[in-house]
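Chains as they are written, first to last, in this note's numbering: chain G, 1 to 314; chain P, 1001 to 1314; chain B, 2001 to 2314. C-beta: ideal position from N, C-alpha, C; glycine also. First up is the structure itself, then whatever we jot down about it.
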Amino acid sequence: MQLSKPLHVKSLAERFTLKLAGNEDLWITGINEIHKVRRGDLIFVDAPKYYAKSLESTASCILIPEAVSCPEGKTLLVCDAPFEVYNQLVLEARPQRTQKSSISETAWIHPSAIVEANATIGHCAVIGANSTIGANAVIGEFTVIGNGVTIQPGAIVGTDAFYYKKTAHGFRKWRAGGRVVIHDEVEIGAGCTINKGVSGDTVIGRGTKLDCQVHIGHGAVLGQHCLLAAQVGIAGKTVVGDRVVMYGQVGVAQNLTIGNDVTLYAKSGVGKDLEAGKTYFGAPCGEAREMMREMAALRKLAREHQAKPRSGTN
Amino acid sequence: MQLSKPLHVKSLAERFTLKLAGNEDLWITGINEIHKVRRGDLIFVDAPKYYAKSLESTASCILIPEAVSCPEGKTLLVCDAPFEVYNQLVLEARPQRTQKSSISETAWIHPSAIVEANATIGHCAVIGANSTIGANAVIGEFTVIGNGVTIQPGAIVGTDAFYYKKTAHGFRKWRAGGRVVIHDEVEIGAGCTINKGVSGDTVIGRGTKLDCQVHIGHGAVLGQHCLLAAQVGIAGKTVVGDRVVMYGQVGVAQNLTIGNDVTLYAKSGVGKDLEAGKTYFGAPCGEAREMMREMAALRKLAREHQAKPRSGTN
Amino acid sequence: MQLSKPLHVKSLAERFTLKLAGNEDLWITGINEIHKVRRGDLIFVDAPKYYAKSLESTASCILIPEAVSCPEGKTLLVCDAPFEVYNQLVLEARPQRTQKSSISETAWIHPSAIVEANATIGHCAVIGANSTIGANAVIGEFTVIGNGVTIQPGAIVGTDAFYYKKTAHGFRKWRAGGRVVIHDEVEIGAGCTINKGVSGDTVIGRGTKLDCQVHIGHGAVLGQHCLLAAQVGIAGKTVVGDRVVMYGQVGVAQNLTIGNDVTLYAKSGVGKDLEAGKTYFGAPCGEAREMMREMAALRKLAREHQAKPRSGTN
């Protein structure tokens, strides 16, 4: 997430009593996770095995538990609990606010947009022209909805990421600083759930249509003109190309890349990146034609095997 | 869908400047898709490969892009964009209306029925005697609910069909002219989603019970006294017989017929019609006993194969 | 369920005109199903094959259709329709009440707890300190929510069990006398559904986190610090240990026991008890490493088989 007001590393070091190493005159302009990091961003690292990756990233400032050697121009802030400082900074930039009124007074809704009965519109949400928010739908804080979008009744957009840090005392929740961004002419089915990104945005591309009860995890990015049938689930941070078609109950794991024009048959389970233009099936999935051939071959084998169960050589 | 006021073919030809061929004195009494068509209905066709099927159907009037030979007694309306005219006619018969109040003033609710807090009841919905609409549930426009029906909290009934026409500029949504019809003594679980039919009705038969988070697609027809466990999905226009039992997370593809008294074990995926009285399992599913035998045989084979991985003949 | 006021067996026998055998001076202190029964409880049995199990249970009073021999100290109430009397007694102890106001006047909400817009809080619900009930969420009657709990928007907690008795005229619903009990620091994702227990409680243990669209069936008990990813389903009365991790779209059948520290990979289907500390995969699932090896072996076999389809010996 971008900060609305930059933070100086010295003021941070003072406030949290952190040891500062390297560049002492840096303004931090954003807070991010390692995979979304840009110049000017602060990140944190707490496991030694990720030190190198973090120090070599484009991050300008790193919260780190040890005073390691600092790369040229960057700032290290050494502290015992890097995650706690990180999470505290996100909470200050994005304070938790209660949703007491059905339509927040800080939401911006285009005059041509329609909000139906019992829908809830969160703080700082934006809703474009000719869009419809169906009855009993929930649009969470900071969600951006384009023009000509239809959110069917009972859809829940912009809720918290399912993202926790394991500690000795249980799971600590990351405060989600990201948003959900829905482009023009998208349709979101009844009962869908779309989570905010943790530090980046969850994005639904122009013209994409989601059937009912689809789940989109934190930070996932869907391309344009995709069709996702009912009960499909896409886990966090996965990137889906344009014109992708997923039939019912498909599941896609996190951090994957699905190429353009991929088709996934019903109930497929995806655990690795998929190449553009191809059709897949199965759980774990493979190319559909190959999977069909394999299934037919195995079925034949199984029958032969049952017919001669005591065969000496097989 | 049936039209509340018939349309004369000549007035249509004039209004949309269409070329009229065949019967010049026909009253259109309904608008339909090809698979639901009745005498008196108007349909559309835009791909030459479907011309024959459309012309030979019981439809009385066909919107078609070419002036082909017209069957005896029927009317052809020749136009460049048959779907656009079709969709416009549905929109006129079933104009889109916003749901601003929790309970529409055009809904009809039996005095003995109960509507709980934060529920939304759509335009022209009908709710029978001794039925309960749970908290935060949504009953969409034109939905018909019988007597003694329980809609659990948060269920969403009568939302738009997931049905689009692919165009050069993306997906164009069909205006759904159908309804959801729920017969007596049905129970719909929390978080279920049931879509309206596109031109016909989605039907839930008498005494059928749905657990939570079940999805029923547009125009699907469920028989009497079925039990569908949680997270089952039935795709559009599939017909399910009486006393069918589906365990959790089963998925059924579209346009299929599932016979009476079929049982489907958990997580099964159905891609073809299923015979009455049988028990199925797997994805894609087969008869349960056979599938179990096959699985056992394959497991055995796999173990043997692992034991002698470099075997010359196998 | 515990009765708030004990019932004397003689008064029951008189009111329903039942024949009483055995102990004539017994106070019934609870009503239960056979698998949850405690001393002082009334149960019912209607199939002769379950007579022995019921008579030998710790139940103190048994509704039964035949005057069989009565065990020492217990009471038999002989009646034609034991289930009808049982269900009537549950209905009297837990009468059905309509939820007309968003927040029931009989709910108890800690002053530090937050209830967001359009949420519904049921009769006799209890919500602890620093807990948040998200927008449009539903908390059903008698639900108990601990401290520091977050219920995301649109979650539906404490709805009726999917539990019916088959009769000649269709399915008769059991009145659920149980509750949902959610311990401290639990998080429930958007669109989740959690059913009440039929006679016992559905329990979510301390620190456990549920992603969106998870379903938890009636009477299921989840341990502490579990993580359940999106679209997981747990069927009724299953007991899940501590620190269990389930990836997306896993399904677990009813009446099972899942040990501590079990991990279930995405889309797994569980049909039997699972041992503590192990990792499982597949549907039906097996130990993950073994299943992976089997899949690889079968894939290799299928390819060999395809390469020589007319082989004489295989």
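Item, Value
"Assumed close pair Val2203 of chain B, Val2181 of chain B - CB separation to whole angstroms, cut-off 8 Å", "5 Å"
"Boundaries of the beta strand (DSSP E) in which Pro1006 of chain P is found, first to last residue", "1002-1008"
"Contact list for the region 1089-1114 of chain P against chain G, Cβ threshold 7 Å", "Thr1098, Gln1099, Lys1100, Ser1101, Ser1102"
"Buried versus exposed call for Trp27 of chain G [16 or more other C-beta atoms within 10 Å across all chains shown]", "exposed"
"Within chain B, partners of Ala1190 of chain P - CB distance below 7 Å", "Ile2156, Thr2159, Thr2193"
"Any C-beta of chain P under 9 Å from that of Lys2173 of chain B", "yes"
"Outcome for Gln2002 of chain B when other beta-carbon atoms lying within 10 angstroms are tallied against a minimum of 16", "exposed"
"9 Å Cβ cutoff, Tyr1164 of chain P in contact with chain G", "yes"
"Ordered list of alpha helix (DSSP H) runs contained in the region 77-157 of chain G, each at least 4 residues", "82-93"
"Listed by chain order, chain P residues near Val2138 of chain B by CB distance under 7 Å", "Ala1135, Asn1136, Pro1153, Gly1154"
"Glu290 of chain G: contacting residues in chain P (beta-carbon distance under 9 Å)", "Those within 9 Å of Glu290 of chain G in chain P number zero; the least Cβ separation is about 15 Å."
"Cβ-Cβ separation, Leu77 of chain G to Val9 of chain G (assumed contact under 8 Å), whole Å", "7 Å"
"Inter-stretch contact (C-beta, 8 Å, three-pair minimum) for the region 228-247 of chain G and the region 205-218 of chain G", "yes"
"Best match in P:Leu1227, P:Glu1290, P:Thr1193 for proximity to Lys1209 of chain P [C-alpha to C-alpha]", "P:Leu1227"
"Own chain residues within Cβ distance below 6 Å of Glu275 of chain G, not counting five before or after", "Gly259"
"Three-way DSSP call (helix, strand, coil) for Ala298 of chain G in this model", "In the sequence on display, residue 298 of chain G carries Leu and not Ala. Of the three classes helix, strand and coil, the one that applies to Leu298 of chain G here is helix, per DSSP."
"Cα-Cα separation, Arg2293 of chain B to Val1090 of chain P", "55 Å"
"Neighbourhood of Val1250 of chain P by C-beta distance below 6 Å, restricted to the same chain and skipping five residues each side", "Val1232, Leu1264, Ser1268"
"Local Cβ density within 10 Å of Trp174 of chain G, reported as buried at 16 or more and exposed below that", "buried"
"Residue-level contact to chain P via CB, Met2295 of chain B, 9 Å cutoff", "yes"
"Span of the alpha helix (DSSP H) around Lys1272 of chain P", "It is not in any alpha helix (DSSP H) - Lys1272 of chain P carries neither H nor E in the DSSP assignment."
"Neighbourhood of Lys975 of chain P by C-beta distance below 6 Å, restricted to the same chain and skipping five residues each side", "Only positions 1001 to 1314 of chain P appear in this structure, which leaves residue 975 of chain P out of reach."
"First through last residue of the beta strand (DSSP E) which encompasses Glu333 of chain G", "Nothing can be reported for residue 333 of chain G: it is not among the residues displayed for chain G, which extend from 1 to 314."
"Min CB distance Lys1300 of chain P to chain G below 9 Å", "yes"
"Contacting residues, own chain, Cβ-Cβ under 6 Å from Gly177 of chain G (five flanking each side not counted)", "Met1, Val90, Arg94, Ser199"
"Residues of its chain near Lys1005 of chain P, where Cβ-Cβ distance is below 7 Å and the 5 sequence neighbours each way are ignored", "none"
"Within-9 Å CB hit, Thr1132 of chain P to chain B", "yes"
"Counterpart residues of Phe16 of chain G in DSSP-defined beta bridges", "Phe16 of chain G is not bridged to any residue."
"Beta-bridge partners of Met2246 of chain B, as assigned by DSSP", "B:Leu2228, B:Leu2264"
"For Leu63 of chain G, the first and last residue of its enclosing alpha helix (DSSP H)", "Element bounds for Leu63 of chain G: not the alpha helix (DSSP H) but the beta strand (DSSP E), 61-64."
"Cutoff 6 Å; reference Gln2213 of chain B; Cβ partners in own chain excluding five residues on either side", "Gly2191, Ala2230, Gln2231"
"7 Å Cβ shell around Thr1193 of chain P - same chain, five flanking residues per side excluded", "Ile1156, Thr1159, His1215"
"DSSP state of Arg303 of chain G mapped onto helix, strand, coil", "helix"
"Three-state secondary structure assigned by DSSP to His35 of chain G", "helix"
"Cβ neighbours of Gly1073 of chain P in the same chain (closer than 6 Å, five flanking residues each side left out)", "Asn1023"
"Cβ-Cβ separation, Ile127 of chain G to Glu116 of chain G (assumed contact under 8 Å), whole Å", "No, Glu116 of chain G and Ile127 of chain G are not in contact; Cβ-Cβ is about 12 Å, not under 8 Å."
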